[in-house]
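**Student:** Numbering (the numbering used here), first residue to last: 1 to 482.
All C-beta atoms in this analysis are idealised placements derived from N, C-alpha and C, irrespective of residue type, glycine included.
Below is one structure. I have some questions about it.
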């Protein structure tokens, strides 16, 4: 998937989750509306009609009693007029009734009402004609039926109120439940959105981070293998371009190494011959050469030696990088090598009035190493320290057993020179890399000495690094395993 497709998929997924949450909220709001309608439009109105029915019955009882006592037809007319009101209210209440229990009570109330109505009409006929009739029986029967009627209406009212309370409680519980579910859904969707965003972001940034790391490795000269990334097409194309660039740089580096190696081979023998010839000239021309000629021959001998050392260094480095260098590994103590290196470099240090010394060393374990190559590394480190330390300065060597995971020896070469800027510490061991500290004059050199040190120490299974603060000197440290 392309980056655009991944982003669209992520946004679309989040949008769908929002729609689901919104749909759930709408459904819950519909249920709340239904319950609210039931409470307001059904139960409350049913209670209202029940109250009207009760009031109607009580009014009719009053008119009926007044009619029996006074025999005034006006009260009977009022009684009969309220009958239609009762029937109308009863029909409205039956339409609103949703439970069978309420319907039964309303129907029972209607039957009792009709029975009560019939008794009143019969008694009214007796009164109008003037016949004797069982007045006490009619009175008791009407009271009994009226009480039953009012009891049934009271049942309807109580049941409706109870139903209203239950529905309000259900509404509250449903609201609480819906709120919890909505919060859980919102929280879950939020976490899912974060996870989805993280995965999309990681699928894009992780390959870029790998390419960034690869670029740093290329900058250090470690070309390695091609990148094979599981990534969006756009990033994959960038990785392919980086692989192509890496291959080209690898070819260029190989061409350069081959060129220097070939050049070193071609120059080594002629330079050796030239050096030998220059050394023989003073002997052959003894007594005939002037002081000026002798001085010139000495300069030629010195320069040819320097060029030959450069060629040898380039050839050694090419062999080491190609893995063709042969090491004669033996169990040795490194202390004599340190003493020998100091002895060899002492004249150079004295010429610059630099104090070259070593600290008291503990008993060191034997190391499996090529003594000549380790001596070469020590010479290069000491020579580098002397080169950059000003007159009157100090170069100190020390060695001690290592603590921690790897058993071995740690050797350090500390100087009181101008130091190395922080930004150059990681690249100081690169080929042809020379760092001139601020405030210092450029120093002659090839930039191969520290590169050779790194190759030698790494080939022995050790590691080497530099510690420095600008203006406070430098310390070069290497560790070799026992």
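1) Express the C-alpha separation of residue 5 and residue 228 in angstroms, rounding to a whole number.
2) Which complete beta strand (DSSP E) runs does the stretch 405 to 436 hold, if anything under 3 residues is left out?
3) Assign residue 408 to one of two classes, buried (16 or more other C-beta atoms within 10 Å of its C-beta) or exposed (fewer than that).
4) Quick check on the DSSP output: what are the complete alpha helix (DSSP H) runs of length 4 or more inside the stretch 2 to 46, in order along the chain?
5) Am I right that residue 414 and residue 473 are in contact with their C-beta atoms under 8 Å? What's the rounded C-beta distance?
6) Tell me whether the beta-carbon of residue 386 lies closer than 9 Å to the beta-carbon of residue 420.
7) Would the stretch 155 to 167 and the stretch 122 to 133 be scored as touching if the rule is three or more Cβ pairs under 8 Å?
8) Taking the straight line between their C-alpha atoms, what separation do you get for residue 430 and residue 399?
9) Measure the Cβ-Cβ separation of residue 379 and residue 459 and say whether it is below 9 Å.
10) Candidates 461, 335, 254 and 358: which alpha carbon is nearest residue 365's?
11) Buried or exposed: which applies to residue 156, given that a residue is buried once 16 or more other Cβ atoms fall within 10 Å of its Cβ?
12) Counting Cβ pairs closer than 8 Å, one from the stretch 45 to 54 and one from the stretch 92 to 105, do we hit at least three?
13) Does the structure place the stretch 172 to 180 close enough to the stretch 197 to 211 that three or more beta carbon pairs sit under 8 Å?
14) Nearest CA to the CA of residue 21: which residue from 479, 181, 376 and 478?
15) Closer than 6 Å by C-beta to residue 235: which residues in its own chain qualify, once you throw out the five before and the five after it? Chain order, please.
16) Label residue 376 either buried or exposed according to how many other C-beta atoms from any shown protein chain fall within 10 Å of its C-beta, with 16 as the threshold for buried.
17) So if DSSP puts residue 465 in a beta bridge, which residue, or which two residues, is it bridged to?
18) Which one of 62, 84, 31 and 162 has the shortest CA to CA distance from residue 75?
19) Below 7 Å CB to CB, which residues in the same chain sit around residue 401 once its five sequence neighbours on both sides are set aside?
20) For the beta strand (DSSP E) holding residue 368, just list the boundary residues, first then last.
21) If you run the structure through DSSP and keep just helix, strand and coil, what is residue 355?
22) Taking residue 522 as part of the alpha helix (DSSP H), name the residues at either end of that continuous run.
23) So, for residue 384: in the same chain, excluding its five sequence neighbours on each side, which residues have a beta-carbon less than 7 Å away from its beta-carbon?
24) Given a cut-off of 9 Å on the beta-carbon distance, is the pair residue 68 and residue 135 in contact?
25) In or out: residue 369 buried (at least 16 other Cβ within 10 Å) or exposed?
26) Report buried or exposed for residue 18, applying the criterion of at least 16 other Cβ atoms within 10 angstroms of its Cβ.
27) Taking 9 Å as the cut-off, decide whether the C-beta atoms of residue 342 and residue 397 are in contact.
28) What do you reckon, is the C-beta of residue 90 under 8 Å from a heavy atom of the ligand ZN?
29) If you draw a straight line from the C-alpha of residue 416 to the C-alpha of residue 479, how long is it?
30) With H, G and I counted as helix, E and B as strand and the rest as coil, what does DSSP make of residue 132?
31) Comparing C-alpha positions only, which one of 188, 457 and 219 sits nearest to residue 424?
32) Can you list, in chain order, the residues of its chain whose CB lies under 8 Å from that of residue 348, leaving out five sequence neighbours each side?
33) If the criterion is Cβ atoms closer than 9 Å, does the pair residue 356 and residue 307 meet it?
34) Starting from residue 452 and walking both ways along the alpha helix (DSSP H), at which residues does that stretch end?
35) So is residue 461 buried or exposed if we call it buried at 16+ other beta carbons inside 10 Å?
36) Quick check: the Cα distance between residue 544 and residue 253, rounded to an integer number of angstroms?
**Tutor:** With the given structure in hand:
1) Numbered from its first residue, the chain shown carries residue 228 at position 228. Numbered from its first residue, the chain shown carries residue 5 at position 5. Taking the straight line from one Cα to the other gives about 21 Å.
2) Listed in chain order, they are 408 to 415.
3) Along the chain shown, read from residue 1 onward, the residue named residue 408 stands at position 408. Classification for residue 408: buried.
4) Every alpha helix (DSSP H) stretch that sits fully inside the stretch 2 to 46 and reaches 4 residues is listed by chain position as 3 to 37.
5) Indexing the chain shown from 1 puts residue 414 at position 414. Indexing the chain shown from 1 puts residue 473 at position 473. Under the criterion of beta carbons closer than 8 Å, residue 414 and residue 473 qualify as touching, at roughly 7 Å.
6) Here residue 386 corresponds to residue number 386 of the chain shown, with the count starting at 1. Here residue 420 corresponds to residue number 420 of the chain shown, with the count starting at 1. Cβ atoms of residue 386 and residue 420: not closer than 9 Å.
7) Touching, no.
8) Against the chain shown, residue 430 aligns to sequence position 430. Against the chain shown, residue 399 aligns to sequence position 399. About 25 Å.
9) Locating residue 379 in the chain shown gives position 379, counting from the first residue. Locating residue 459 in the chain shown gives position 459, counting from the first residue. Contact check for residue 379 against residue 459 fails: the beta carbons are separated by 9 Å or more.
10) Numbered from 1 along the chain shown, position 365 holds the residue referred to as residue 365. The shortest C-alpha separation from residue 365 is found at 335.
11) Here residue 156 refers to the residue found at position 156 when the chain shown is read from its first residue. The residue in question, residue 156, is buried, as its Cβ has 16 or more Cβ neighbours within 10 Å.
12) Three or more Cβ pairs closer than 8 Å define a contact, and the stretch 45 to 54 meets that threshold against the stretch 92 to 105.
13) The stretch 197 to 211 vs the stretch 172 to 180: no contact.
14) Taking the chain shown and counting its residues from 1, one reaches residue 21 at position 21. Among 479, 181, 376 and 478, the Cα nearest to that of residue 21 belongs to 181.
15) Counting from 1 along the chain shown, the entry for residue 235 is found at position 235. The answer, listed in chain order, is 207.
16) Reading the chain shown from its first residue, position 376 is the one you call residue 376. Taking all protein chains shown into account, residue 376 has 16 or more neighbouring C-beta atoms within 10 Å of its C-beta and is therefore buried.
17) Here residue 465 is taken as the residue at index 465 of the chain shown, counted from 1. Bridge partners of residue 465 according to DSSP: 477.
18) For the purposes of this step, residue 75 is identified with residue 75 of the chain shown, where counting begins at 1. Cα-wise, what sits closest to residue 75 is 62.
19) Stepping through the chain shown from its first residue, residue 401 is reached at position 401. The answer, listed in chain order, is 362, 364, 365 and 409.
20) Taking the chain shown and counting its residues from 1, one reaches residue 368 at position 368. Its beta strand (DSSP E) spans residues 367 to 369.
21) Taking the chain shown and counting its residues from 1, one reaches residue 355 at position 355. Three-state DSSP puts residue 355 in a strand.
22) Past the boundaries of the shown model lies residue 522; the chain is included only from 1 to 482, so the question cannot be answered.
23) Translated into the one-based positions of the chain shown, residue 384 becomes position 384. Closer than 7 Å at the Cβ level, and outside the excluded window around residue 384, lie 449 and 450.
24) Position 68 of the chain shown, counting from 1, holds the residue named residue 68. Position 135 of the chain shown, counting from 1, holds the residue named residue 135. It is a contact, given that the beta carbons lie within the stated cut-off.
25) In the chain shown, residue 369 corresponds to position 369, counting from 1. The residue is buried, with at least 16 neighbouring Cβ atoms inside 10 Å.
26) Here residue 18 is taken as the residue at index 18 of the chain shown, counted from 1. Classification of residue 18: exposed, given that the 10 Å Cβ count is below 16.
27) Start at 1 with the first residue of the chain shown, and residue 342 comes out as number 342. Start at 1 with the first residue of the chain shown, and residue 397 comes out as number 397. In contact: residue 342 and residue 397 (Cβ atoms closer than 9 Å).
28) With respect to the ligand ZN, the structure offers nothing, as it holds no ligand at all.
29) Here residue 416 corresponds to residue number 416 of the chain shown, with the count starting at 1. Here residue 479 corresponds to residue number 479 of the chain shown, with the count starting at 1. Their backbone Cα atoms lie some 22 Å apart in a straight line.
30) Taking the first residue of the chain shown as 1, we reach residue 132 at position 132. If DSSP states are grouped into helix, strand and coil, residue 132 belongs with coil.
31) Residue 424 sits at position 424 when you count from the first residue of the chain shown. Nearest of 188, 457 and 219 to residue 424, Cα basis: 219.
32) Within the chain shown, numbered from 1, the residue matching residue 348 stands at position 348. Cβ within range, chain order: 383 and 386.
33) Walking along the chain shown from the start, residue 356 turns up at place 356. Walking along the chain shown from the start, residue 307 turns up at place 307. No.
34) For the purposes of this step, residue 452 is taken as the residue at position 452 of the chain shown. 449 to 459 is the span of the alpha helix (DSSP H), which, as asked, contains residue 452.
35) Along the chain shown, one-based indexing puts residue 461 at 461. Counting Cβ neighbours within 10 Å, residue 461 comes out exposed, since fewer than 16 surround it.
36) Given a span of 1 to 482 for the chain in the structure shown, any question on residue 544 remains unanswerable.
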